[in-house]
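Okay, so here's the structure we're looking at.
Residue numbers (my numbering): 61 to 387.
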């Protein structure tokens, strides 16, 4: 995590300066941002409080998209600096290819610019996170209780899930139909939608399972029975859905008021808010470049665990470099 990277690599002053300079860029939007994130974005203050065993903001505040989004990006930027201190200079020895999972696309831009645009990118990341929280609340794409706006579905053919989502969307009772947002594996997807519609879609799938089981029992069908496994994701906001399209214009408007690169901001926001992710295809593209190792810049080992089954048998290794084990 960020605390471990900062302390073990001795980069506290460098990361503190990065956060402070990004905050200066966002001063024209201070009034708008405080509405979405009343605790501000003060990761270094929270790291020091954690070390001193002092009180921290509530977990529900720290895990909002407005805070966790830029927090993830900052951790990835810290990981790049920590690796350089340890002898892995990604500037001197550039990777043959770079890919970013979901909001990791912003860290890709950081790598491409060799860290020279990190202040601007961290500011953009904060705008994207804040707009994500704001717009998702307006369209009901937020978690309620233990129900999230994104669910992972395992043990499924992604193509069949896409077909079922299309069928489900035709139901007259379906408002704000869920979208297939991420293909995480060859038999693993993520679906984004309101918690209510995601729950209805899960029931829809259960009915299909029951039907196929009855047909198998009556010996009117063969082959594998459709048995998807649904899991709630621990997220506040549902990304990669057309429902967040309004957020793209909002972030672009904010970027104009702060002098940020509007073209880059729009591109990153559209990728994170609206466009679906095919992680399998992206990893296969990495393999096609001849890459032999994938260095996962974190912030955890989640992407490592997602990617390992995809690269199995390809002669490629992967290291979760932002974690203690990976270090």
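Glycine residues also receive a C-beta, built at the ideal position from the N, C-alpha and C atoms.
For the putative contact between residue 292 and residue 208, defined by C-beta atoms under 8 angstroms, what is the C-beta separation to the nearest angstrom? 4 angstroms
Do you know whose CA, among 287, 134, 206, lies nearest residue 269's CA? 287
Enclosing beta strand (DSSP E) for residue 240 [first to last residue]: 239-245
Beta-carbon contacts of residue 151 that lie in its chain and below 6 angstroms, excluding the five residues immediately before and after: 174
Cβ pair residue 290, residue 264 closer than 9 angstroms: no
Note down the Cα distance separating residue 106 from residue 354, rounded to an integer number of angstroms. 31 angstroms
Residue 291, enclosing beta strand (DSSP E) - first and last residue: 289-292
Is it the case that the Cβ atoms of residue 132 and residue 307 are separated by a distance below 9 angstroms? no
Are at least three pairs of beta-carbons, each pair with one atom in the stretch 165-184 and one in the stretch 307-326, less than 8 angstroms apart? yes
Is the stretch 230-248 touching the stretch 273-286, taking contact as three or more C-beta pairs under 8 angstroms? no
State whether the stretch 298-305 contacts the stretch 196-206, with contact taken as three or more CB pairs (one from each stretch) at a distance under 8 angstroms. yes
Quick check: what's the CA-CA separation for residue 62 versus residue 274? 51 angstroms
If you reduce the DSSP assignment to three classes, tell me which class residue 177 lands in. coil
Three or more C-beta pairs under 8 angstroms: does that hold for the stretch 120-138 against the stretch 158-173? yes
Between the stretch 209-228 and the stretch 305-320, do three or more beta carbon pairs fall short of 8 angstroms? no
Going by the CB atoms, is the gap between residue 192 and residue 118 shorter than 9 angstroms? no
Going by DSSP, what residue range makes up the beta strand (DSSP E) through residue 248? 248-252
On the criterion of 16 or more Cβ atoms from any shown chain inside 10 Å, does residue 243 qualify as buried, or is it exposed? buried
From residue 251 to residue 123, what does the alpha carbon distance come to, in whole angstroms? 20 angstroms
How long is the line joining the alpha carbons of residue 145 and residue 332, rounded to whole angstroms? 30 angstroms
Through-space distance from residue 283 to residue 188, alpha-carbon basis: 45 angstroms
Residue 205 - DSSP class collapsed to helix/strand/coil: coil
Where do the N-terminal and C-terminal ends of the alpha helix (DSSP H) with residue 354 fall, by residue? No alpha helix (DSSP H) contains residue 354, which is instead part of the beta strand (DSSP E) from 353-356.
Cβ separation of residue 349 and residue 156, assumed to be a contact under 8 angstroms, to the nearest whole Å: 5 angstroms
Which same chain residues end up closer than 7 angstroms to residue 202 when comparing Cβ atoms and leaving out the 5 residues on each side of it in sequence? 196, 209, 296, 297
Backbone CA spacing between residue 334 and residue 213 [nearest angstrom]: 20 angstroms
Under 9 angstroms between C-beta atoms of residue 390 and residue 337: Only positions 61 to 387 of the chain appear in the structure, and residue 390 is not among them; the question remains open.
What is the rounded straight-line gap between the Cα of residue 159 and the Cα of residue 204? 32 angstroms
If I measure Cβ to Cβ from residue 81 and keep anything under 6 angstroms in the same chain, skipping five residues before and after, which residues do I get? 179
Does the Cβ of residue 128 have 16 or more other Cβ atoms within 10 Å, making it buried, or fewer, making it exposed? buried
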